[in-house]
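Everything below concerns the one structure shown next.
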Amino acid sequence: MDIMAPAFKSVCFIYPDDGNGSRFDRMFPPLGLELVAASVRDRIPYRYLIDRRFDKDWEKQLPENTDLVAFSFLWDIPLTKIFEMVTKIKKLLPGVTVVGGGRFAEVNKEALLTAPEEERLDVVFSGPDDGRFRTLVESGSPENVTGVSFFREGEYRATPMPRYGPIPDQPLPDRSLRRARYGMIRKDGLDLGLATDAIQSSRGCPFHCAFCTFNKDSEGRQITYTARSPESVADELEQIEAPFVTFVDDLAFHRPDRMDELCDVLIERGIKKTYAIETRINMGMRPEIVEKMSRVGFRYVTFGIESMHDHVLDFLNKGLTRHRIETAFANIKHVPMFFISNFIIGSVGETREQMLQIPEFARKIGLDSILIHPLRCRGPEPLTEKVLAAPGYYIDPESKRVYSDELSVSDILRIAKQIKRNFWTPKQKIRSALKFQRLLKPNLPSIAWHWANWRLHGEPDPWGEVRRV
Ligand code: B12
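Once you know that position 386 of the sequence shown is 389 in the numbering used here, the rest is easy, because the numbers rise by one and skip nothing.
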């Protein structure tokens with residue numbers, strides 16, 4: 004029997020420009036939308052993806068027959084910018100259905116759906132897609148889809164949010180929709196000539212760090228950690244052409260045995276690339292796996308240590324102690340990997356002197372680079388209450404940074420700069436640069452060529468014309 008025709012025939016996926024995002028933001032493809040697009044590959048005859056970081060003339064690129072537009076909003080973007088885009092789309096494509104997903108859309112769903120008709124979205128998805136976009140495409144009606152919000156008969160409505168299930172092994176993101184080159188391209192136009200890609204091999208995190216805003220869903224439920232099978236991760240890596248791949252998992256090394264299996268599969272299939280991951284220091288408890296990972300290509304590891312003072316680790320609810328951090332690093336310091344760590348400064352009870360001890364500690368345990376973040380209370384995490392309950396501590400309403408009677412926001416920013424200066428001594432710069440060169444083997448002549456090209460042709464508009472593949 005023939006399955007029913009889908010309710011839509013041409014979908015255009017739109018990934019917004021991220022304005023003042025990170026310097027190397029073109030390293031990351033619109034993976035979430037590519038997954039959503041893959042889920043309807045066999046159901047929608049015409050699919051098109053606009054990445055506004057590259058596609059400047061996006062209005063002109065909207066295919067004429069589009070009857071469904073799907074946006075992904077992962078982080079803050081002024082709502083007015085969204086409304087402007089929707090208004091344009093609705094004018095250009097009368098009768099079109101506009102839907103959105105991603106964390107920012109989820110948090111702002113009510114505002115996005117109750118705006119005046121010409122600028123509002125029609126449906127907002129909360130949580131990971133996991134096949135629900137396909138259900139909408141097939142049935143045409145949001146009532147049949149779980150975890151979505153919409154506006155009907157003058158009322159804002161929402162269907163019940165399902166529990167996050169396990170992260171699916173299939174489909175793999177549809178990379179065939181790409182027209183832009185993703186790689187180490189700096190916002191000011193400097194192209195380092197290294198193609199990059201990203202993969203999500205697990206999602207969720209079982210820990211309860213006080214500052215974390217993303218390990219819970221919009222109803223406050225912890226997002227259970229689940230991981231894809233090593234085979235499915237290897238299948239995807241096999242399809243990826245870029246030599247440098249970032250795992251966007253919140254916690255890439257949570258199950259050491261699975262990581263061990265993944266390494267075995269990669270060795271068996273001869274898949275050789277350079278990988279970047281982010282994880283906790285529990286990696287240090289299984290040094291034999293870490294050594295294998297390094298052989299396979301895992302070379303760039305970012306940890307969330309946050310602090311080396313037990314009272315601060317306790318305040319941040321990190322579930323770590325200084326002793327444990329030191330033991331973990333002592334076990335893996337020798338492994339050829341580039342180690343970076345995040346540190347948070349300005350926690351309740353942390354003094355200026357304690358913050359300034361970071362560089363020495365970081366060098367001692369063997370870190371090659373550090374990232375310093377002034378503490379911020381950004382959302383519905385338990386931290387805000389803890390900070391406000393501490394006498395003499397406050398939250399800056401604009402930046403959400405924590406400050407105190409002792410240390411103002413600018414004092415803390417100054418300390419952050421001082422920490423970086425103290426860490427990056429000339430000797431440290433040379434040591435880290437040499438290690439980076441040895442492990443990641445950047446193609447120096449190619450970088451020099453790109454740099455010279457960039458200098459000669461002036462600094463091009465970073466958001467301007469880009470070469471197409
Ligand atoms: C790559 C990345 C970046 C890159 C982005 C490059 C770029 N411009 O695209 C860089 C490094 C530049 C970056 C920067 C920042 N990032 Co970031 N980033 C990520 C990261 C690691 C991966 C995104 C990804 O590919 N995920 C994998 C895909 C498969 O998941 P997904 O995109 O969420 O899509 C799924 C669902 O959301 C949903 N979905 C999404 N869109 C849609 C659309 C439809 C129609 C449907 C049906 C479903 C749907 O279905 C998808 C499949 O299941 C995530 C963490 C993470 N693991 O997700 C953080 C994350 C998105 N970033 C985050 C943050 C906070 C930032 C920064 C603000 C950090 C900072 N302080 O500067 C900046 C903001 C940049 C800016 N412009 O302002 C937060 C967002 C938190 C939040 N909103 O609550 C996250 C979640 C990280 C975190 N754990 O804190 N980031």
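Glycine residues also receive a C-beta, built at the ideal position from the N, C-alpha and C atoms.
Keep in mind that this is a model prediction, so the values were computed, not measured.
Task: Bounding residues of the beta strand (DSSP E) (the contiguous stretch that carries Ala-161) - done: Element bounds for Ala-161: 158-161.
Task: Check whether Ala-213 and Asn-320 have beta carbons under 8 Å apart - done: It is a contact, given that the beta carbons lie within the stated cut-off.
Task: Distance between Gly-105 and Ser-204 (C-alpha atoms, nearest Å) - done: Using only the alpha carbons, I get a separation of about 18 Å.
Task: Member of Asp-133, Leu-36, Leu-443 and Val-99 whose CA lies at the smallest distance from the CA of Phe-301 - done: Of the candidates Asp-133, Leu-36, Leu-443 and Val-99, the one whose C-alpha sits nearest the C-alpha of Phe-301 is Leu-443.
Task: Proximity test, Ser-435 beta-carbon vs the ligand B12 heavy atom, cut-off 7 Å - done: The closest heavy atom of the ligand B12 lies 7 Å or more from the beta carbon of Ser-435.
Task: For Arg-231, the nearest candidate out of Glu-222, Asp-220, Val-351 and Leu-254 (CA to CA) - done: Residue Leu-254 is the option with its Cα nearest to Arg-231.
- [ ] Kindly indicate which three-state DSSP category Met-340 falls into: helix, strand or coil?
- [x] If DSSP states are grouped into helix, strand and coil, Met-340 belongs with coil.
TODO: Work out the CA separation of Pro-145 and Ile-348 for me, nearest whole Å.
DONE: The straight-line gap from Cα to Cα measures roughly 44 Å.
Task: Whole-number beta carbon distance between Gly-143 and Thr-162, since they are thought to touch under 8 Å - done: A Cβ-Cβ distance of about 15 Å is found for the pair Thr-162 and Gly-143, leaving them out of contact under the 8 Å criterion.
Task: Near the ligand B12: Trp-452 beta-carbon under 7 Å from a heavy atom - done: No, the Cβ of Trp-452 stays beyond 7 Å of every heavy atom of the ligand B12.
Task: CB contact check: His-460 to chain D, cutoff 8 Å - done: Among the protein chains of the structure shown there is no chain D, as only one such chain exists.
- [ ] Run through the region 227-309 for me and flag every whole alpha helix (DSSP H) of 4 or more residues, listed as ranges in chain order.
- [x] Runs of the alpha helix (DSSP H) inside the region 227-309: 233-242, 259-272 and 290-299.
- [ ] With DSSP collapsed to three states, give me the class of Val-102.
- [x] When DSSP states are grouped into helix, strand and coil, Val-102 belongs to the strand group.
Task: Neighbourhood of Pro-465 by C-beta distance below 6 Å, restricted to the same chain and skipping five residues each side - done: Annotation note: pLDDT 48 at Pro-465 (below 50); position unreliable, coordinate value reported separately. By the criterion of a C-beta distance shorter than 6 Å, Pro-465 is surrounded in its chain by Lys-190, Asp-191 and Gly-192, once the five residues flanking it on both sides are discounted.
- [ ] Identify whether Leu-374 lies in helix, strand or coil by the three-state DSSP scheme.
- [x] Residue state, collapsed to three classes: strand.
- [ ] For Asp-479, I'd like the list of residues in its chain whose CB is within less than 6 Å of its CB, leaving aside the five on either flank, ordered along the chain.
- [x] For residue 479 there is no data in the structure shown, the boundaries of the chain being 4 and 472.
Task: Residue environment, His-337, which counts as buried when at least 16 other CB atoms sit within 10 Å - done: Its Cβ having fewer than 16 others within 10 Å, His-337 is exposed.
Task: Rounded separation between Glu-121 and Ala-392 - CA only - done: Distance between Glu-121 and Ala-392, taken at the CA atoms: about 44 Å.
Open item on the list: With DSSP as the reference, identify every bridge partner of Val-14, one or two as the case may be.
Closed with: Arg-50 and Leu-71, per the DSSP bridge assignment.
Open item on the list: Any contact between the region 310-319 and the region 348-363? By contact I mean 3 or more CB pairs, one from each, below 8 Å.
Closed with: Verdict: yes, contact present.
Task: beta strand (DSSP E) segment containing Gly-196, residue limits - done: Secondary structure note for Gly-196: its beta strand (DSSP E) is the uninterrupted segment 194-202.
Task: Minimum C-alpha distance to Thr-251 - residue among Glu-271, Glu-234 and Gly-207 - done: In the sequence as displayed, the identity of residue 251 is Val instead of Thr. It is Gly-207 whose Cα lies nearest to the Cα of Val-251.
- [ ] Name the residue from Arg-355, Trp-452, His-453 and Val-43 whose alpha carbon lies nearest to the alpha carbon of Gln-1.
- [x] Because the chain spans 4 through 472 in this model, residue 1 falls outside it and cannot be assessed.
Open item on the list: What does the Cβ neighbour count give for Met-340, buried or exposed, with the cut at 16 atoms within 10 Å?
Closed with: The residue in question, Met-340, is buried, as its Cβ has 16 or more Cβ neighbours within 10 Å.
Task: Own chain residues within Cβ distance below 6 Å of Ser-297, not counting five before or after - done: These residues qualify, in order along the chain: Val-338, Pro-339 and Met-340.
- [ ] Taking the CB atoms as reference points, tell me whether Val-412 and Asp-399 lie closer together than 8 Å.
- [x] Judged by their CB atoms, Val-412 and Asp-399 are nearer to each other than the 8 Å cut-off.
Open item on the list: Under DSSP, the alpha helix (DSSP H) around Ile-80 begins and ends at which residues?
Closed with: Here Ile-80 belongs to no alpha helix (DSSP H), and DSSP marks it neither H nor E.
Open item on the list: Less than 8 Å between C-beta atoms, sequence neighbours within five positions excluded: which residues of the same chain meet that for Trp-61?
Closed with: Take Trp-61, set aside five residues on each side of it, and the residues of its chain with a beta-carbon closer than 8 Å to its own are Ile-17, Ile-53 and Arg-55, in chain order.
Task: Assigned secondary structure, Asn-345 (DSSP; H/G/I helix, E/B strand, else coil) - done: Of the three classes helix, strand and coil, the one that applies to Asn-345 here is strand, per DSSP.
Task: Neighbourhood of Ala-118 by C-beta, 7 Å cutoff - its chain only, sequence neighbours within 5 removed - done: Setting aside the 5 residues that flank it on each side, Ala-118 is surrounded in the same chain by Phe-86, each with a C-beta closer than 7 Å to its C-beta; the list follows chain order.
Task: Where Gly-150 falls: helix, strand or coil (DSSP) - done: Collapsing the DSSP output to three states places Gly-150 in coil.
Task: Among Phe-57, Val-351, Lys-112 and Ser-13, the one whose alpha carbon lies nearest that of Met-30 - done: Answer by Cα proximity: Phe-57.
- [ ] Indicate the three-state DSSP secondary structure (helix, strand or coil) for Met-88 in the structure shown.
- [x] In this structure, Met-88 counts as helix in the three-state DSSP scheme.
Open item on the list: Please tell me whether Gln-225 and Arg-178 are closer than 8 Å, where the distance is taken between their beta carbons.
Closed with: Cβ atoms of Gln-225 and Arg-178: not closer than 8 Å.
Task: Contact belief for Arg-404 with Leu-378 at Cβ below 8 Å, rounded distance in angstroms - done: In this structure Arg-404 is in contact with Leu-378, their Cβ atoms being roughly 7 Å apart against a cut-off of 8 Å.
Open item on the list: I'd like to know whether the C-beta atoms of Val-148 and Val-43 end up nearer to each other than 8 Å.
Closed with: Not in contact: Val-148 and Val-43 (Cβ atoms no closer than 8 Å).
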